[in-house]
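Reviewing the structure listed below.
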Amino acid sequence: MQRGRFLRALCCTVSLLSSSGNAFAEDAGEATRSSATANQKADAPARESEAREAMCLMIESAAKASNLPLEFFARVIWQESRFQPGAVGPVTRSGARAQGIAQFMPYTANERGLLDPFNPVQALPKSAEFLAELREQFGNLGLAAAAYNAGPRRVQEWLAGTGPMPQETRNYVVAITGSTVEDWAKAGQGGKQPERIPASSCRELMALLKQAPNPFIAGLEQRVKFAAAKQWGVQLAAGFSRDKALAMYGRAVSRLSSVIGNRDPSILASRLRSRGPATFYQVRFGADTRGEADDLCNRIRKAGGACFVLRNRGVAG
């Protein structure tokens with residue numbers, strides 16, 4: 001697979017507020033509107049950067065929490081559902097359909113304790129955990145991808161020479177890893193490993209997310225902007241290491257999905273005067289009021305999690 005197909009440039013749009021009124025009012029307010037427009041344009045790169053960071057959060061934190069390469073995990077989810085949380089697969093021989101952004105079969109979702117496969121906040125960490133277990137079982141990422149697509153039993157039978165490998169799964173493994181399932185089988189038996197899957201940055205992941213825009217991606221982008229603009233935040237993870245903050249968030253989401261629901265997270269980057277130039281990363285859920293934030297944090301604590309309620313700096317209210 002050509003890398004350029006997945007890693008295209010990200011284009012974000014910024015909507016400008018329009019106003020109405022009589023001609024005199026429009027003339028009188030022209031200078032004010034021009035100034036506001038200039039300020040919006042000046043702030044646009046920062047807002048777009050924050051939106052990209054927040055958009056990466058759910059997928060990137062799930063990958064890090066399970067120690068999976070980001071690009072590998074992102075490509076698995078892309079192949080499964082094109083990042084559509086409402087995706088439903090074709091009817092299988094058993095009469096069931098794969099469901100949600102990670103395309104869990106109902107019985108697999110039940111086995112793994114996934115309450116709602118159509119909720120990405122719940123499904124993505126469970127998907128990453130499953131892939132990590134399959135990697136441990138079969139020895140490498142390629143066979144893990146094959147087992148995710150075809151099922152562990154079918155991969156076991158193929159490795160033992162007692163069953164075929166579906167062509168769909170063969171194509172799936174090449175699309176995700178760039179190597180054939182035979183190459184990965186040799187690697188699993190102690191042979192030379194296929195070419196290492198390169199690490200991805202958040203920007204590259206965003207290009208993948210934006211490759212084929214859909215209502216979910218567009219809607220999520222707007223929601224994370226609104227979440228970051230809320231006056232209060234419930235902080236679940238923080239640290240001077242972005243990777244550790246994301247991993248901390250990923251572990252929290254895995255345990256607290258029933259409390260968190262479908263809330264959209266935001267990641268904030270700031271500097272603490274007492275720690276010099278080091279960037280401090282904070283992962284939060286937005287809330288309109290202090291009471292709403294306190295209520296969510298209390299429920300998180302009762303469920304065994306840890307959190308803080310903080311006012312979001314720079315938000316008017």
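Residue numbers (the UniProt record's numbering): 1 to 317. Backbone N, C-alpha and C fix where the C-beta goes; we use that ideal spot for every residue, glycine too.
Identified DSSP bridge partners for residue 267: 283
In whole angstroms, what is the alpha-carbon distance linking residue 137 and residue 158? 15 Å
Which partner residues of residue 238 appear in the DSSP bridge assignment? 282
Output needed for residue 306: all residues of its chain with C-beta closer than 7 Å, excluding positions within five of it in sequence on either side, in chain order. none
Sub-9 Å separation of residue 155 and residue 165 beta-carbons: yes
Residues that residue 78 bridges to, as DSSP identifies them: Answer by DSSP bridge pairing: none, since residue 78 is not bridged.
Can you check which of these residues, 147, 95, 246, is closest to residue 237 by C-alpha distance? 246
Could you give the distance in angstroms between the alpha-carbon of residue 75 and the alpha-carbon of residue 176? 6 Å
Residue environment, residue 167, which counts as buried when at least 16 other CB atoms sit within 10 Å: exposed
Is residue 144 near residue 169, with beta carbons less than 9 Å apart? no
Among residues of its own chain, excluding the 5 on either side of residue 303, which ones have a beta-carbon nearer than 8 Å to its beta-carbon? 255, 256, 258, 259
Could you check if residue 81 is buried or exposed, using at least 16 other CB atoms within 10 Å of its CB as the buried criterion? buried
Quick one, which of 125, 105, 61 has its alpha-carbon nearest residue 90's? 105
Would you tell me roughly how many angstroms separate the C-alpha atoms of residue 179 and residue 188, rounded to the nearest one? 13 Å
At what residues does the beta strand (DSSP E) containing residue 83 begin and finish? Counting along the chain, residue 83 falls outside any beta strand (DSSP E), and DSSP gives it neither H nor E.
Can you tell me which of 279, 232, 266, 102 puts its alpha carbon nearest to the alpha carbon of residue 241? 279
Going by DSSP, what residue range makes up the alpha helix (DSSP H) through residue 138? 120–138
To which residues of the same chain is residue 43 closer than 8 Å at the C-beta, ignoring the five residues directly before and after it? Residue placement at residue 43 is flagged as unreliable, the pLDDT there being 48, under the threshold of 50; a coordinate-derived value is accordingly withheld.
Whole-angstrom C-beta distance between residue 65 and residue 152, which should lie under 8 Å: Contact flag wrong, Cβ pair sits at about 22 Å.
Hey, how far is the Cα of residue 148 from the Cα of residue 290? 43 Å
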